[in-house]
Structure formats: structure tokens, C-alpha cells
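Notes for the one structure printed next.
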Amino acid sequence: MSATAPILELDAVSKSFGGIEALRRVSFTLQEGRIAALIGPNGAGKTTLVNLITGVQRATGGHISFRGQDVTRQRPHQAARRGLARTFQIVQPFPRMSVIENVAAGALFAGAHSGVAEAMAFAREQLEFAGLSEFADRPASALTLAGRKRLELAKSLAMQPRLLLLDEVNSGLNSSEIDGALALIRKIADRGITIVVIEHVMKVIFSLAERVLVLHHGELIADGAPDAIAGDVRVIEAYLGEKFARRARSVANA
Amino acid sequence: MIARRWQYLLFAIWVVALISTPLWAGNYVIRLATTIAMASALTLSWNFIGGFTGYPSFATAAFFGLGSYVGALSQIAGVPMVLAWIAATLFVGLFTAALGGIILRLRGHYFAIGSIGIVEVLRLVIASWGSLTGGGDGLNVPFLSGGPDAIARTFLAAMIAIMLCVFAITLVVDRGRLGFGLRCIQQNEDAADMLGVNTTLYKVAAFTLSAMFCGTVGAAYASWTGYIDPNESFSIIMTIKVPVMCLLGGAGTVFGPVVGAAAFTLLEEFFWINFLDYNRAILGGVIVILIFFLPGGLLQLPYRELFARSPWRPPQDKPAI
Amino acid sequence: MAYLQIVVNGIVLGALYTCLAVGFSLVWGVLNVINMLHGSLIILGGYVTFFAWHSFGISPLVALPGVALLLFVIGYLTQFFVINRVVTQPVLTTLTLTFGLDLILYNFMTVYYTATPRRVTLDFGVIGIGGIVMPVDRLLAMALALLLTGLLYLILRGSRIGRAIVAVRMDRDAARLMGIRVQRIYAVTFGLGALMAGAAGAVFALVYPITTNLTGTFLGKAFVVCVIGGLGSVEGALIGGLVLGVVESVAGQLVGPQHALTVGFALMLILLLVKPTGLTGIRGYE
Numbered sequence: 001m002s003a004t005a006p007i008l009e010l011d012a013v014s015k016s017f018g019g020i021e022a023l024r025r026v027s028f029t030l031q032e033g034r035i036a037a038l039i040g041p042n043g044a045g046k047t048t049l050v051n052l053i054t055g056v057q058r059a060t061g062g063h064i065s066f067r068g069q070d071v072t073r074q075r076p077h078q079a080a081r082r083g084l085a086r087t088f089q090i091v092q093p094f095p096r097m098s099v100i101e102n103v104a105a106g107a108l109f110a111g112a113h114s115g116v117a118e119a120m121a122f123a124r125e126q127l128e129f130a131g132l133s134e135f136a137d138r139p140a141s142a143l144t145l146a147g148r149k150r151l152e153l154a155k156s157l158a159m160q161p162r163l164l165l166l167d168e169v170n171s172g173l174n175s176s177e178i179d180g181a182l183a184l185i186r187k188i189a190d191r192g193i194t195i196v197v198i199e200h201v202m203k204v205i206f207s208l209a210e211r212v213l214v215l216h217h218g219e220l221i222a223d224g225a226p227d228a229i230a231g232d233v234r235v236i237e238a239y240l241g242e243k244f245a246r247r248a249r250s251v252a253n254a
Numbered sequence: 255m256i257a258r259r260w261q262y263l264l265f266a267i268w269v270v271a272l273i274s275t276p277l278w279a280g281n282y283v284i285r286l287a288t289t290i291a292m293a294s295a296l297t298l299s300w301n302f303i304g305g306f307t308g309y310p311s312f313a314t315a316a317f318f319g320l321g322s323y324v325g326a327l328s329q330i331a332g333v334p335m336v337l338a339w340i341a342a343t344l345f346v347g348l349f350t351a352a353l354g355g356i357i358l359r360l361r362g363h364y365f366a367i368g369s370i371g372i373v374e375v376l377r378l379v380i381a382s383w384g385s386l387t388g389g390g391d392g393l394n395v396p397f398l399s400g401g402p403d404a405i406a407r408t409f410l411a412a413m414i415a416i417m418l419c420v421f422a423i424t425l426v427v428d429r430g431r432l433g434f435g436l437r438c439i440q441q442n443e444d445a446a447d448m449l450g451v452n453t454t455l456y457k458v459a460a461f462t463l464s465a466m467f468c469g470t471v472g473a474a475y476a477s478w479t480g481y482i483d484p485n486e487s488f489s490i491i492m493t494i495k496v497p498v499m500c501l502l503g504g505a506g507t508v509f510g511p512v513v514g515a516a517a518f519t520l521l522e523e524f525f526w527i528n529f530l531d532y533n534r535a536i537l538g539g540v541i542v543i544l545i546f547f548l549p550g551g552l553l554q555l556p557y558r559e560l561f562a563r564s565p566w567r568p569p570q571d572k573p574a575i
Numbered sequence: 576m577a578y579l580q581i582v583v584n585g586i587v588l589g590a591l592y593t594c595l596a597v598g599f600s601l602v603w604g605v606l607n608v609i610n611m612l613h614g615s616l617i618i619l620g621g622y623v624t625f626f627a628w629h630s631f632g633i634s635p636l637v638a639l640p641g642v643a644l645l646l647f648v649i650g651y652l653t654q655f656f657v658i659n660r661v662v663t664q665p666v667l668t669t670l671t672l673t674f675g676l677d678l679i680l681y682n683f684m685t686v687y688y689t690a691t692p693r694r695v696t697l698d699f700g701v702i703g704i705g706g707i708v709m710p711v712d713r714l715l716a717m718a719l720a721l722l723l724t725g726l727l728y729l730i731l732r733g734s735r736i737g738r739a740i741v742a743v744r745m746d747r748d749a750a751r752l753m754g755i756r757v758q759r760i761y762a763v764t765f766g767l768g769a770l771m772a773g774a775a776g777a778v779f780a781l782v783y784p785i786t787t788n789l790t791g792t793f794l795g796k797a798f799v800v801c802v803i804g805g806l807g808s809v810e811g812a813l814i815g816g817l818v819l820g821v822v823e824s825v826a827g828q829l830v831g832p833q834h835a836l837t838v839g840f841a842l843m844l845i846l847l848l849v850k851p852t853g854l855t856g857i858r859g860y861e
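Protein chains in written order, with my numbering: chain A, 1 to 254; chain B, 255 to 575; chain C, 576 to 861.
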């Protein structure tokens with residue numbers, strides 16, 4: 001068992017909207033410095049979980065701790081200042097600001113930088129890390145989709161997060177673009193930042209994650225190493241339905 | 255686009271022109287210069303909430319009116335003139351800070367309506383509270399001593415001073431963290447929130463800044479004219495003119511409000527003199543033309559976004575990023 | 576018994592408010608435009624009706640369809656050629672534009688008609704039922720107001736154009752994909768809004784003196800009704816109008832008529848903060 005303290009702890013976290021239970025008593029602990037993947041069929045509650053962790057929505061039950069602090073009731077800007085950053089599935093840059101200004105915003109408001117000039121200098125470094133330096137002064141709205149995804153990453157890096165939640169950062173990218181994104185994510189992990197990827201793309205999960213959490217109908221149904229998860233009957237059932245699960249079971253038993 | 259240095263120079267020349275009017279012109283021109291300074295101060299103020307933050311506020315008249323009444327009542331109670339103005343500024347600032355937390359939860363159309371609602375409610379309250387405010391009959395404010403020339407010069411200086419004050423604050427805000435944050439809020443409020451911007455705090459700050467000096471101008475105006483009444487102090491026409499002036503010059507910029515206020519006031523004066531009966535219609539016409547045809551103005555911005563035919567797109571032969 | 580009279584007064588007033596506001600609500604809900612012209616259009620309708628009666632002896636009931644048609648055409652053309660250009664713009668732009676147009680209309684009306692109050696005086700006497708007294712012309716006005724509102728409701732529900740309007744209100748892009756010519760629908764909607772405003776003005780002229788000074792007041796009432804009842808629907812305008820009418824009538828009794836206006840606006844502000852979508856919960860765009 002690693003001696004590092006858990007960076008994120010969820011304890012029986014639930015969320016209901018009116019009569020619908022989006023999340024049901026989800027509990028897990030994340031160690032610092034790891035890469036984990038959160039997967040599950042559409043509608044499983046992955047984005048809701050990310051929203052709860054980052055303060056965009058409030059849990060209706062349970063507790064969330066970040067680096068030892070109870071953050072169940074935090075507001076989004078507080079989460080950002082604490083070192084919790086996320087990217088969005090549908091990227092949302094500041095359209096009329098330049099690429100470097102977008103990144104500097106992250107440094108200025110969530111990072112430890114107090115002045116605009118300082119933030120811009122730090123932003124330049126992050127742009128270089130993300131491979132966007134040549135677009136620094138162009139409007140953010142001019143980037144292609146892959147470029148915008150890199151911008152999201154650069155922006156979240158500028159926030160100097162301890163935990164980075166990447167929400168479907170690879171959707172809409174082609175195979176070579178995904179390879180580029182993967183390399184970048186690994187570089188980020190090398191900096192010591194804990195990463196959780198929410199993904200559908202298997203290639204990403206298997207090449208990146210040391211641990212996989214599987215969500216289905218709001219419940220955490222599996223939690224373990226990628227290989228174990230791939231063979232887990234409940235996971236197969238969740239994604240492919242009962243018939244396949246039965247077949248997988250009979251193959252396993254044979 | 256003129257370089258910043260030249261913009262500052264032109265602005266300095268303009269201020270000198272305004273403040274020097276007693277030296278080379280008669281009372282009519284001095285009065286006009288004072289009105290321009292007044293409009294500039296109001297427009298620069300509105301720029302904080304409407305230009306930088308993008309919240310369409312129509313509450314200017316509320317702050318102006320409130321300031322004029324607080325100023326007038328203070329003066330009637332014996333407070334010296336300039337102190338009365340300061341009192342008005344502080345009162346309006348506190349009032350807005352308290353109100354802001356609530357009303358800034360609204361966005362877009364609803365915020366616009368809410369802000370007009372504030373003007374109306376304040377006007378009706380003041381008009382009804384006859385015992386305190388004189389109600390519909392208005393209030394007489396003690397006149398400044400000294401002949402008409404001295405008075406004209408005093409108030410010219412006062413309005414210009416207020417304008418310069420707000421201008422200075424605009425510069426500070428534009429360059430600093432607050433301005434950056436407000437621009438983020440304007441372009442994507444939720445993303446700004448997620449990035450660590452305390453949106454509520456910033457919005458309230460912008461709203462309060464937009465209000466305070468309208469209060470000062472209101473109080474100074476009350477002292478200048480010697481008489482205020484609810485309809486004039488809480489005028490819907492004024493509250494709509496101010497955003498128009500800002501749009502004319504360029505909302506969200508540092509010099510735009512000054513340019514817009516000057517241009518609009520001069521136009522208005524021209525039409526009033528030459529076409530008294532139809533001056534409102536012509537003003538309306540100017541507004542309509544502004545919305546449609548101002549080069550680099552409102553109509554052109556969204557087209558650029560709609561068609562995304564931006565000159566900044568990386569050329570096709572570069573590898574896709 | 577006195578209370579009942581107050582409430583009945585409020586309902587009669589409310590019906591007038593409904594008719595006054597329903598066009599404004601429709602334009603706001605469907606086009607997402609706050610039509611600052613609305614107050615002036617009401618007055619215009621009132622003036623045209625008055626002059627038809629005063630100068631030509633045409634009964635307002637006969638003049639009403641003519642006024643309605645005239646205002647519809649004015650509204651349609653204004654929307655088609657002017658407002659359509661900016662209809663997708665943020666609220667500040669559209670509001671400023673309609674404000675500018677209103678200044679023009681207002682100025683011309685003031686110059687042409689002058690601000691002298693005019694009122695169509697048809698003396699039908701008074702009706703009393705069970706202790707409640709109501710002048711007949713008021714009742715007539717109320718009936719007309721409700722009739723017009725009902726007709727609008729039927730048009731929206733029953734006719735093809737009406738359904739197209741509702742479709743555009745729900746989802747403009749989907750409506751466009753279904754082949755609806757959205758620009759035309761906008762023009763028709765604005766035309767209908769102007770029509771209802773003019774008709775409301777005609778109805779008002781029966782019971783109140785009309786003057787250009789009232790444009791702001793009517794506009795303010797329309798705002799309040801929309802916020803109370805919800806945008807873009809006849810039901811919303813009906814609820815909003817009736818609530819406002821009764822509230823004003825009761826408040827007028829309790830705190831005096833001059834405060835009744837304040838109460839209305841204060842109510843609007845409170846509702847804006849608590850439930851901006853109004854009592855029917857229909858959203859406008861943000």
C-alpha cells in the first residue's frame with residue numbers, strides 16, 4: 001500500500017434530480033500522482049460525478065474530500081483555487097480573447113499568479129508545453145477542434161492543479177490526433193499531477209490508466225486494473241448487455 | 255487603429271479644450287462642455303457593467319436620481335456642497351453593493367428588465383414620499399453663492415473632475431485583474447467561474463463602480479440646477495441614452511465612452527437647436543442608423559462570428575494541430 | 576360586499592391589461608425582442624379609433640377591425656424591413672433599436688395629434704348586479720378585450736400560421752429545418768403584436784382618456800404582466816393581466832391609487848428574482 005495520502009475521497013456520494021437518482025452511493029479513494037480512468041455507458045453519471053467534484057452541482061448525499069478538506073459544498077471558483085481543474089467535453093474558450101489570454105486567465109485566477117503580466121509569462125510556458133506557441137496571439141475562436149482541446153489542456157495546466165479531470169478530451173479527434181493528446185497527457189502526469197480521464201476510447205484507457213472505475217446507472221460497479229476490468233462480467237454486461245455477459249461467463253467457465 | 259499614445263494625447267487635448275472654454279467662449283458653450291463632461295462620466299460608469307461585463311444595465315437613472323436626492327437633502331440639511339456629493343456617492347455605492355448581490359443573479363433580458371424596474375420603483379417611492387422628498391413638486395436646492403460666471407466655471411470643473419476620476423479608474427480596471435475577469439465573465443460566465451473567477455464578487459464590484467459616480471454626477475447636477483423632481487431625476491430617456499452613447503463610441507474600451515458621449519451630446523444639441531419639434535424623431539433616427547451602419551460597430555461583430563471567416567485561421571498546408 | 580366590488584374592478588381592469596400585454600408578450604417570447612414601440616402602438620390605435628369616431632362618426636366597434644388591420648400592416652412592414660436585420664442580436668441592440676423607432680413614432684404622434692387627452696364617450700349607463708356596480712362601457716371594453724384575446728388564442732392554436740409561430744417560439748432552428756420561413760413568421764408575429772396593441776388602444780379609448788403621455792405607462796404595464804404571467808403565451812398574459820389588475824385594485828384601496836403603481840412594479844421585481852419565468856413558467860431566452 002502506497003504511503004502517499006489520498007488526494008480525493010468520495011464517501012457514499014449521491015445525487016438526485018427530482019425523482020431521478022443520477023448517482024447512488026459512489027465511494028472510492030484516489031491516490032496522488034496516479035492516472036485513473038472513469039468509464040461507463042452513456043448516461044451512467046460520469047459527467048455528473050465530475051460536476052459534483054468540481055462544485056458545479058451539489059451532492060444530495062455523502063461527502064467529498066480533497067486533500068483532506070471537506071469540499072462537498074464548494075463553489076466552482078473555490079474548487080479551481082484549491083487545485084481542482086477540469087476540461088469540458090464541449091470546449092468553451094473565451095472566443096474574443098487570444099489563445100495566450102485564455103491560458104493566462106487560468107494562471108491569473110486559479111494559479112498562484114497575482115499580476116496580469118506574470119500570468120501572461122506563465123501562460124507562454126504552458127503554451128509551449130502544449131505545442132501551441134505559434135498560435136499565442138490568434139483569437140481562440142480560430143483554432144481547429146484539436147487545437148481547442150489543446151488549449152483546454154494548456155488552460156487547465158496554467159491553473160496549477162493537483163487533480164485534473166479530463167472529460168472526454170478525445171472525442172472528435174482522429175487517430176493521430178489522439179496519439180498527440182495521449183503524449184501530452186503523459187507529460188502532464190510526469191509533472192506529478194493526478195489525472196482522471198473520462199473516456200470511451202479503449203485505446204486511451206488501456207495505454208494510460210493504471211486504474212479503472214466503472215460507473216453504470218449511477219453506481220460504481222467495478223474498480224481495478226484495466227485487464228481485470230476488461231474481463232469483469234458486470235462491466236461486459238453493462239456495455240454489451242446480458243447475452244454477451246452470459247457468453248463471456250460460459251467462456252470463462254469452460 | 256490609432257496607437258495608444260496618440261489616443262491619450264487626443265484625450266488630453268479634448269480635456270484641455272473642455273476645461274478652457276471659459277477662456278474663449280460664452281456661457282452657452284461652457285454649459286455645453288459641462289453637459290458633455292457629465293455625459294462622459296455617466297457613460298464611463300456604465301461601461302463597467304455594460305461594456306466590460308456585458309450585463310445590459312438600464313439602471314443609470316436609478317443611481318443618478320438617488321444621488322441627486324441624497325445630495326440635495328444633505329445640502330438642505332446644511333451639509334457643505336462637496337461633502338454632500340461625497341455622501342451621495344457613498345450612499346449610492348452601498349445601496350448598489352447591497353442590491354447587486356440579488357439583481358445580478360439575473361442575466362440578459364431579465365437583468366435588463368430588473369434594472370429598469372429599479373428605476374421605476376425608486377422614482378415612484380421618491381414621488382410618493384412627499385414628506386421627505388417633496389414628492390411630485392420636487393425639491394429646491396440651496397444655490398451656490400457667486401455670480402452666474404463663477405457658478406458656470408465651478409460646475410464645469412466639477413463635472414470634468416468627476417469624468418477624469420472615472421476615466422482613471424477605467425484605466426486601472428482595464429489593465430488589471432478586475433478587467434480581465436470581467437471580460438472573461440462577459441465572454442463565458444460559466445467557464446470563468448470554473449477557472450477560479452469569483453463571478454459574484456466581480457459582478458457586484460463592476461455594478462457598484464457603475465453606480466457610484468452616477469450618484470456623484472446626480473448630486474452635482476442637483477446643486478447646479480437648484481431644483482430636482484422625480485421625473486427628471488429618474489428619467490427613462492436618460493437611462494437609455496447612456497448605453498447608446500457607449501455603444502456609439504465602443505463599449506468595453508477605455509476611450510469609447512468618451513468619444514460616444516461627446517459625439518452624441520453634440521448631435522443632440524445640434525438637432526435640438528435646428529429642429530426643435532422633431533428633435534426626438536431625429537434622435538431616434540440617429541439611433542436606428544447607429545445600430546445599422548456604424549462601421550466596425552454592432553452589426554459587424556456577430557457576422558464575423560457567424561461566418562467564422564476569420565483571417566486568423568491557420569492556412570491549410572500547415573499540419574493540423 | 577365592498578371587497579367584491581374591488582375584486583370585480585380588478586378583474587375588469589385585468590382583462591384590459593391582458594389585451595394590452597398579450598401582443599408584447601408574444602413578440603418577446605417568439606422573437607426575443609423587447610418591443611419598446613408597444614406603448615406607442617397602443618396609443619396610435621386609440622387615436623385612430625378616436626378620430627374615426629370624432630371626425631367621421633364611425634362607431635368604435637366598426638372601426639376596430641380597420642384599426643387592427645392598419646396596425647398589423649405597420650407592424651409587419653416594420654419587422655420585415657427593419658427589425659428583422661437585428662433579431663438575432665443581444666438584448667441591448669434590439670431594445671435600443673426599438674427604442675429609437677419609438678422615439679420617431681412618438682414624436683410624430685405628438686406633433687400630429689398633440690398630447691390632449693381624447694376619449695370616446697359612449698354613454699350606455701351603469702349596470703348593477705347584486706350590489707356590484709359597473710359602467711356598461713367598461714363591461715363592453717372588458718368583453719372586447721377578452722374576445723380579442725380569445726381570437727388570438729384560437730389563431731395560435733388552430734391556424735397553420737399560428738402553429739408555425741408557436742413552433743418558432745419553441746425552437747427556431749428546428750422550425751427552420753421543417754421548412755418554416757422564419758423571417759416571415761417573425762414579421763407576422765410582430766404584425767400580430769402591433770395589431771393587438773392597436774386593438775387594445777381602441778378598447779382603452781372607450782373607457783380612458785388617451786394621450787401620448789401614457790405610452791410609457793402602458794409599456795410598463797406590459798412588462799409587469801409578462802413577468803408575472805410568463806412570456807410568449809396567451810395564458811401567461813391572461814394570468815399576468817388578471818393578477819396585476821386585482822393587485823392594483825386592492826392596493827389602490829389599501830394604500831391609495833398613487834401607490835398602486837409602485838406595488839405593481841415591486842411585485843414584478845420580486846417575481847423576477849424569485850421566478851423569472853413567471854407563473855406559467857414559460858421561459859424567454861436569456
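Using N, Cα and C, we set each Cβ at its ideal position, and we do this for glycine too.
- Those residues of the stretch 606-638 of chain C placed with their C-beta closer than 9 Å to a C-beta in chain B are 607, 609, 611, ordered along the chain.
- Within 8 Å of the CB of residue 452(B), the CB atoms of chain A belong to 77, in sequence order along the chain.
- Secondary structure in the stretch 652-738 of chain C: the alpha helix (DSSP H) runs of 4 residues or longer, each lying completely within the stretch, are 666-688, 711-733 in chain order.
- Residue 814(C) and residue 840(C) have their C-alpha atoms roughly 16 Å apart.
- Exclusion of the five residues before and after residue 172(A) leaves 145 as the residues of its chain whose Cβ lies within less than 6 Å of its Cβ.
- The alpha carbon of residue 622(C) has as its nearest neighbour, out of 830(C), 796(C), 788(C), 648(C), the alpha carbon of 788(C).
- With 16 or more other CB atoms across the displayed protein chains lying within 10 angstroms of its CB, residue 71(A) is buried.
- For residue 376(B), not one C-beta of chain A is nearer than 9 Å to its own C-beta.
- Counting the other Cβ atoms within 10 Å of the Cβ of residue 399(B) gives fewer than 16, which makes it exposed.
- Of the candidates 829(C), 733(C), 846(C), 791(C), 791(C) places its Cα closest to the Cα of residue 617(C).
- Residue 8(A): member of the beta strand (DSSP E) spanning 6-17, first to last residue.
- Sequence-ordered contacts of the stretch 434-446 of chain B with chain A read 434, 435, 437, 438, 441, 442, 444, 445, 446 [C-beta pairs closer than 8 Å].
- When secondary structure is reduced to three states using DSSP, residue 66(A) falls in the strand class.
- The beta carbon of residue 841(C) falls within 9 Å of a beta carbon belonging to chain B, placing the residue at that interface.
- Using a 10 angstroms sphere on the CB of residue 203(A), the tally of other CB atoms stays under 16, which defines it as exposed.
- When beta bridges are read from the DSSP output, residue 222(A) appears opposite 214(A).
- At a cut-off of 9 Å between beta-carbon atoms, residue 786(C) makes no contact with chain B.
- Residue 686(C) reaches chain B at 531, 532, counting residues in chain order whose Cβ is nearer than 8 Å.
- Here DSSP, grouped into helix, strand and coil, assigns residue 356(B) to helix.
- For residue 126(A), the enclosing alpha helix (DSSP H) starts and ends at 116-130.
- Annotated three-state conformation of residue 367(B) is helix, per DSSP.
- For residue 666(C), at least one C-beta of chain B is nearer than 9 Å to its own C-beta.
- A straight-line Cα-Cα distance of about 6 Å links residue 469(B) and residue 346(B).
- Under the three-state reduction of DSSP output, residue 36(A) falls in the strand class.
- Residues of the same chain with a CB within less than 7 Å of the CB of residue 761(C), apart from the 5 flanking positions on each side, are 606, 654, 659, 662 in chain order.
- In chain order, 289, 290, 293 place their CB closer than 7 Å to the CB of residue 519(B), counting only its own chain and leaving out the 5 sequence neighbours on each side.
- C-alpha of residue 731(C) to C-alpha of residue 808(C): approximately 9 Å in a straight line.
- Using a Cβ-Cβ cut-off of 9 Å, residue 677(C) is close to 538 of chain B, given in chain order.
- The C-beta distance from residue 487(B) to residue 349(B) rounds to 15 Å, too long to meet the 8 Å contact threshold.
- Between the stretch 497-512 of chain B and the stretch 296-307 of chain B there are three or more C-beta pairs closer than 8 Å, enough to call the two in contact.
- Secondary structure of residue 331(B) (DSSP, three-state): coil.
- About 45 Å separates the beta carbons of residue 62(A) and residue 137(A), which is beyond the 8 Å limit, so they are not a contact pair.
- Any Cβ of chain C closer than 9 Å to the Cβ of residue 303(B) would place that residue at the interface, and such an atom is absent.
- Using a CB distance cut-off of 9 Å, residue 92(A) counts as an interface residue toward chain B.
- At least 9 Å separates the CB of residue 512(B) from every CB of chain C.
- DSSP, read as helix, strand or coil, puts residue 239(A) in helix.
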